[in-house]
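> Quick one: this structure, given as structure tokens, is what I'll be asking you about.
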Amino acid sequence: MTAPKRVVHLTTVHHPYDPRIYHKECLSLYNAGLDVTLIAQVDTETAQDKPIKHIPVKTYTSRFKRMIFGTIEAYKKAKTLDADVYHFHDPELLPAAWLLKRKNNVVIYDIHEDYVTSIMQKEYMSTPVKKVIASTYKYMEKFFSREMELCLAEKYYKDIYPRGKCILNYPTINENFINHNRNDAPLEDKLLYTGNVSHVRGALIHAKIPLIDESVSVHFVGKCPSDLADEMYAVAGNKKDNLEIEGIDRFIEKEDMEARYLSRNWLAGIALFPPTEHYMKKELTKFFEYMNAGLPIICSNFPVWKEFVETYECGIAVDPYDESEIKQAIEYLRNNQDVAKRMGENGRKAVMKYLNWHTEENKLITWYDQLTNQSMQKDRAE
Numbered sequence: 001m002t003a004p005k006r007v008v009h010l011t012t013v014h015h016p017y018d019p020r021i022y023h024k025e026c027l028s029l030y031n032a033g034l035d036v037t038l039i040a041q042v043d044t045e046t047a048q049d050k051p052i053k054h055i056p057v058k059t060y061t062s063r064f065k066r067m068i069f070g071t072i073e074a075y076k077k078a079k080t081l082d083a084d085v086y087h088f089h090d091p092e093l094l095p096a097a098w099l100l101k102r103k104n105n106v107v108i109y110d111i112h113e114d115y116v117t118s119i120m121q122k123e124y125m126s127t128p129v130k131k132v133i134a135s136t137y138k139y140m141e142k143f144f145s146r147e148m149e150l151c152l153a154e155k156y157y158k159d160i161y162p163r164g165k166c167i168l169n170y171p172t173i174n175e176n177f178i179n180h181n182r183n184d185a186p187l188e189d190k191l192l193y194t195g196n197v198s199h200v201r202g203a204l205i206h207a208k209i210p211l212i213d214e215s216v217s218v219h220f221v222g223k224c225p226s227d228l229a230d231e232m233y234a235v236a237g238n239k240k241d242n243l244e245i246e247g248i249d250r251f252i253e254k255e256d257m258e259a260r261y262l263s264r265n266w267l268a269g270i271a272l273f274p275p276t277e278h279y280m281k282k283e284l285t286k287f288f289e290y291m292n293a294g295l296p297i298i299c300s301n302f303p304v305w306k307e308f309v310e311t312y313e314c315g316i317a318v319d320p321y322d323e324s325e326i327k328q329a330i331e332y333l334r335n336n337q338d339v340a341k342r343m344g345e346n347g348r349k350a351v352m353k354y355l356n357w358h359t360e361e362n363k364l365i366t367w368y369d370q371l372t373n374q375s376m377q378k379d380r381a382e
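To convert, note that position 23 of the sequence shown is 23 in the UniProt record's numbering; the numbers rise steadily by one, no gaps.
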């Protein structure tokens, strides 16, 4: 009997139970019969009863130390495993992945972000510094990834990486969401935001919502730096009690986040981001997660986002800087709950039919088979 192909996923940046890396890609490959190992940071918060083998690397608070020492440690541990496939998830691991590439193995660079525009929107760096770093990254990426396969988490990345393979970050279908009937009770004056909380993801716009509509509370479920949480409470002023921030300085596990969707009869899921080149063309993962849970979406009116919610009839797009438009959208859903519930159901049906991880899982497994078979054929030919 042939031994299962050995696969190693590497990340020094993401949480070891990151939804895309662990819950989607690693578990899908494991369930398909592959021998899967994850090299990632030490987990200090979650019970260690997971099926995927986890080899920990040290967690650094210093970004510079992580990029140097974390990369070296990940490389050394990955090399000892002599894998058929190395699948890595962070730009800083490019040199290590380049060293791991051999003629008879496969190395995959999983591109989660448009890293050039991501660098250019970093608030803690000056514009000249950002330009130098972005230019250097583009050169390094081109050099190191020449013999690697590229895995793209977002459709528009294909414009940047024409040879890349799209394995989109659609949600896993949650049976609890399917069985959750939102028609049984009135919707509450509560808005939900899930995922990491940051300035560029609209934290301060969202924090202002209780001042725009005083009957509404906003609940954040995702990692939020404590200094940003303080800033958000300050923005909300005398309505700060209408903000609930769960995840201050800590990661929220996928299962816990999904439980929050079912904990209330939310009015809508929100994504009122300020306009940045990095996000304006993205179909946000949180869109699919809101839709999966049957929530209508209130989002910024970027052309791609507006077209998305209108195509699936699952939400309302507004100017994120126009308080009257935001208020009108909230009032419309509150006063037309049958419409709000129908929008949520439209979104859920779209996820069930088209926008789900099952379709991407099949693509991932088929792609792995093709790549490893090609690698074996090359090895035999030599």
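Don't be surprised by glycine CBs; every beta carbon is placed ideally from N, CA and C.
(1) Quick one: what's Gly164 bridged to in DSSP?
(2) Here's a check: name, in chain order, each residue in its chain whose Cβ is nearer than 7 Å to the Cβ of Met1, leaving out the five neighbours to either side.
(3) Check the DSSP bridge columns for Gly269 and list the partner residues they point to.
(4) Just how far apart, CA to CA, sit Lys122 and Leu284?
(5) Taking C-beta to C-beta, are Leu168 and Glu25 nearer than 8 Å?
(6) In chain order, what residues of the same chain lie with their CB nearer than 7 Å to the CB of Ala329, ignoring the 5 residues before and after it?
(7) Which residue's Cα is closest to the Cα of Tyr261: Ile160, Met291, Asn362?
(8) Buried or exposed, going by whether 16 or more other CB atoms sit within 10 Å of the CB of Gly237?
(9) Just verifying my parser: in three-state terms, what is the DSSP assignment at His15?
(10) So the alpha helix (DSSP H) Glu277 belongs to, where does it begin and stop?
(11) Would you mind stating whether Ala134 and Val116 have Cβ atoms separated by less than 8 Å?
(12) So the candidates are Pro51, Gln337, Asn105; which of them puts its Cα closest to the Cα of Tyr30?
(13) Could you tell me the alpha carbon to alpha carbon distance between Ala203 and Val304, rounded to whole angstroms?
(14) Kindly confirm or deny that the stretch 305 to 315 and the stretch 146 to 156 touch, where touching means at least three C-beta pairs closer than 8 Å.
(15) Select from Asn346, His54, Arg66 the residue whose C-alpha is nearest the C-alpha of Thr12.
(16) If you scan the stretch 89 to 114 from start to end, which runs of the beta strand (DSSP E) of 3 or more residues do you find wholly inside it?
(17) Do Glu246 and Ser217 have their beta-carbon atoms positioned less than 8 Å apart in this structure?
(18) Please report the distance separating the alpha-carbon of Asp227 from that of Ser62.
(19) Select from Ala32, Tyr60, Val36, Asp35 the residue whose C-alpha is nearest the C-alpha of Val42.
(20) CB-CB under 6 Å to Gly269, same chain, minus the five flanking residues each way: which ones, in chain order?
(21) Using three-state DSSP, classify Tyr60 as helix, strand or coil.
(22) Are the CB atoms of Cys314 and Ala350 within a distance shorter than 8 Å?
(23) Tell me, to the nearest whole angstrom, how far the beta carbon of Thr71 is from that of Ile55; I am working on the premise that it is less than 8 Å.
(24) Might you give, ordered along the chain, the residues of its own chain that have their beta carbon closer than 7 Å to the beta carbon of Ile119, omitting 5 neighbours on each side?
(25) Based on Cα-Cα distance, which residue from Glu73, Ser198, Glu141 lies nearest to Tyr124?
(26) Considering only their Cβ atoms, is the gap separating Tyr170 from Phe64 smaller than 8 Å?
(27) Does DSSP put Phe302 in a helix, a strand or coil?
(28) I'd like to check one pair, Val57 with Tyr86: are the Cβ atoms closer than 8 Å?
(29) Once you ignore the five residues that flank Glu345 on each side, which residues in its own chain have a CB closer than 7 Å to its CB?
(30) Within its chain, find whatever has a CB closer than 6 Å to the CB of Phe302; leave out the 5 residues flanking it on each side and keep chain order.
Reading it off the structure:
(1) In the DSSP output, where bridge partners are listed per residue, Gly164 has none listed.
(2) In this prediction, Met1 scores a pLDDT of 35, lower than 50, which makes its location untrustworthy; the coordinate-derived value is nonetheless stated afterwards. Here Met1 has no same chain residue with a Cβ atom under 7 Å from its own Cβ, once five neighbours each way along the sequence are excluded.
(3) Paired residue(s): Leu192, Ile297.
(4) Distance from the CA atom of Lys122 to the CA atom of Leu284, rounded to whole angstroms, is 19 Å.
(5) no
(6) Ile298, Ile316, Val318
(7) Met291
(8) exposed
(9) coil
(10) 277 to 280
(11) yes
(12) Pro51
(13) For Ala203 and Val304, the distance between alpha carbons rounds to 21 Å.
(14) No, the stretch 305 to 315 does not touch the stretch 146 to 156.
(15) Arg66
(16) 106 to 111
(17) no
(18) 17 Å
(19) Tyr60
(20) Leu192, Tyr290, Leu295, Ile297
(21) coil
(22) yes
(23) With 8 Å as the limit, Thr71 and Ile55 do not qualify as a contact, their Cβ atoms being about 15 Å apart.
(24) Result list for Ile119: Lys130, Ile133, Ala134, Tyr137, in chain order.
(25) Ser198
(26) no
(27) coil
(28) no
(29) Gly294
(30) The answer, listed in chain order, is Met280.
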